[in-house]
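What follows is a single structure, written as structure tokens, with notes after it.
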Amino acid sequence: MAADLPAPGVSFLLTQLGTHAAAKFAARVGELDLTPPQVGMLRMIAAKPGLSQQALAGHLGMLPSKVVAFVDELEGRGLVTRTRSSRDRRVHELALTEEGTELLGDVHAVANEHEADFCRALDQDDRTRLKALLERLANSHGLTPGVHPGYRTIR
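Numbering (the working numbering), first residue to last: 911 to 1065.
In structure tokens, the structure reads:
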């Protein structure tokens, strides 16, 4: 006789959907030769040109040494520039290159397609309500808006 299992709760369903969405997004941006952490860094640098590596690490909750390794790779690909601050020579300021800006435009197109595909079972009103509920939950748990908590696990 099979045991009656309780129905999955909200947190299980959120984890199930989040894992599925993250895997699909990783595959999509992989076609652009990017990883989700690289996408997050490009987005943050685009939003805050001149951001220091230390500040980027703080925003993402990453170890500064790990940020340096990611920035080295992005700089090597010609997507990011790293220049010494005129105010403090110990600080490196980050900015997207023209190529980085163009690639981020491609990422936005992929992200929009991903969002539409992922939410295709919901009409616009449902999406709006769900987004508001998820934002409320995220805020209640002290999550930083727009920053994936997975950065904190990159060691």
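A virtual CB, placed ideally from N, CA and C, is assigned to each residue, including glycine.
Between residue i and residue j, how many whole angstroms is the CB-CB distance? I'm expecting something under 8 Å.
{"i": "L966", "j": "L1004", "result": "7 Å"}
{"i": "L989", "j": "L1013", "result": "6 Å"}
{"i": "T945", "j": "A936", "result": "7 Å"}
{"i": "V1020", "j": "L952", "result": "Actually they are not in contact, since the Cβ atoms of V1020 and L952 sit about 12 Å apart, beyond 8 Å."}
Between the options, which lies nearest to residue i when the distance is taken from Cα to Cα?
{"i": "L1006", "options": "A1042, A957, R999", "result": "A957"}
{"i": "R992", "options": "L961, E1009, H969, D1016", "result": "L961"}
{"i": "H1018", "options": "T945, A932, V949", "result": "V949"}
{"i": "V920", "options": "D1016, D1035, L1043", "result": "L1043"}
{"i": "S995", "options": "T929, D1016, P959, G971", "result": "P959"}
Helix, strand or coil: how does DSSP classify residue i here?
{"i": "L961", "result": "strand"}
{"i": "R1000", "result": "coil"}
{"i": "R1030", "result": "coil"}
{"i": "L1006", "result": "strand"}
{"i": "T993", "result": "strand"}
{"i": "T1054", "result": "coil"}
{"i": "G971", "result": "coil"}
{"i": "D1036", "result": "helix"}
Excluding the five sequence neighbours on either side, which residues of its own chain have a C-beta within less than 8 Å of the C-beta of residue i, listed in chain order?
{"i": "E1023", "result": "R938"}
{"i": "D1016", "result": "L942"}
Looking only at its own chain, which residues have a Cβ that is under 7 Å from the Cβ of residue i, when we skip the five neighbours before and after it?
{"i": "Q1073", "result": "The structure shown has nothing for residue 1073, since the chain only spans 911 to 1065."}
{"i": "E1009", "result": "G988, L989"}
Between residue i and the ligand GTP, is the CB less than 7 Å from at least one heavy atom?
{"i": "Q964", "result": "Although the ligand GTP was asked about, the structure shown includes no ligands whatsoever."}
To which residues of the same chain is residue i closer than 6 Å at the C-beta, ignoring the five residues directly before and after it?
{"i": "F1028", "result": "A931"}
### Task
Decide if the stretch 971–988 is in contact with the stretch 911–924; the criterion is three or more beta carbon pairs, one per stretch, under 8 Å apart.
no
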